[in-house]
Every structure is written in C-alpha cells, then in structure tokens.
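**Q** To get the working numbering, take the position in the sequence shown, counting from 1, and add 32. Sharing a structure, written as structure tokens. Questions coming.
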Amino acid sequence: MKEYYEAIKKFHEKFEFKGTNNEDMQFRLNLLIEELGELAECVTKGKSKEDFIEENVDLLILTIGNLISTEISIEEFDKAFWKKHEKLMNREKRKISENKTRVSEFRGMD
Ligand SMILES: [Mg+2]
Numbered sequence: 033m034k035e036y037y038e039a040i041k042k043f044h045e046k047f048e049f050k051g052t053n054n055e056d057m058q059f060r061l062n063l064l065i066e067e068l069g070e071l072a073e074c075v076t077k078g079k080s081k082e083d084f085i086e087e088n089v090d091l092l093i094l095t096i097g098n099l100i101s102t103e104i105s106i107e108e109f110d111k112a113f114w115k116k117h118e119k120l121m122n123r124e125k126r127k128i129s130e131n132k133t134r135v136s137e138f139r140g141m142d
C-alpha cells in the first residue's frame, strides 16, 4: 500500500494538483462515480478480465488520491484500515435468501 501511496503522490505532484480542482473532493467524488460506472459496465456488459482489473485500479488510484488530496498520511490510513478489518472479521454471516449470504453488523434486524 505504501508503494501505491508514494506512486500516486508523485502523480499528484507531477501534474501539480495541490490547490486545484483535482484535489477538490466534490470533483473527486464525480470521478469516483464515473469510474464506478465504468466498473458497473464491465460487470453488466461482460467485459474482459483486463478491463475489470483496470477499472478496479482506477478506483484504487482515486481512493488513494483522496487520502493525498486531504493530507491523510499512509500511517493514519493504515491504522484505520486494520481497525476496520478487525471489525469486519468480527461480523456475522447470515443467509439472506435461498442462495445468498451477507456479512454485516445486522443492526436493528433481529
Ligand atoms: Mg476507468
């Protein structure tokens, strides 16, 4: 993750994103929605594995770029990641329909 963070930080520096729309979160949310749409298109239109991977990379680049844009350090993110991971690992898995399960906190669903 640190390697990706540093690479994307270099990308932001190279194109001088600091203080521009490229680090504005409203603009970035629009980019994320656009990329999520492209990923959705991969799934719904049965595009290639290569396209599917690329769209996931696009989303990861934007997500890491969100950290850089908001000056969140890799250490801060790493701590939050592992905190969330522990939470996920302690969640419950339930059958939600005949062939589907879901892992969630299931708050207020009992
Ligand atoms: Mg894309």
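For every residue, glycine included, the Cβ atom is placed at its ideal position computed from N, Cα and C.
Just the C-alpha distance for Asn54 and Ala72, rounded to the nearest angstrom, thanks.
**A** Each residue's alpha carbon lies about 23 Å from the other.
**Q** Give the DSSP-derived three-state secondary structure of Arg139 in the structure shown.
**A** The answer is coil: DSSP assigns Arg139 none of H, G, I, E or B.
**Q** Spell out the partners DSSP gives Lys132 in its beta bridges.
**A** Ser129, per the DSSP bridge assignment.
**Q** Measuring CB to CB, does Lys46 end up less than 7 Å from Ile100?
**A** The answer is no: Cβ separation not under 7 Å.
**Q** Give the single residue among Ser136, Leu120, Lys119 whose Cα lies nearest to the Cα of Lys127.
**A** For Lys127, the nearest C-alpha among the options comes from Ser136.
**Q** Kindly indicate which residue of Gly97, Ile106, Lys116 has the alpha-carbon position closest to the one of Glu48.
**A** Of Gly97, Ile106, Lys116, the residue nearest in Cα terms is Gly97.
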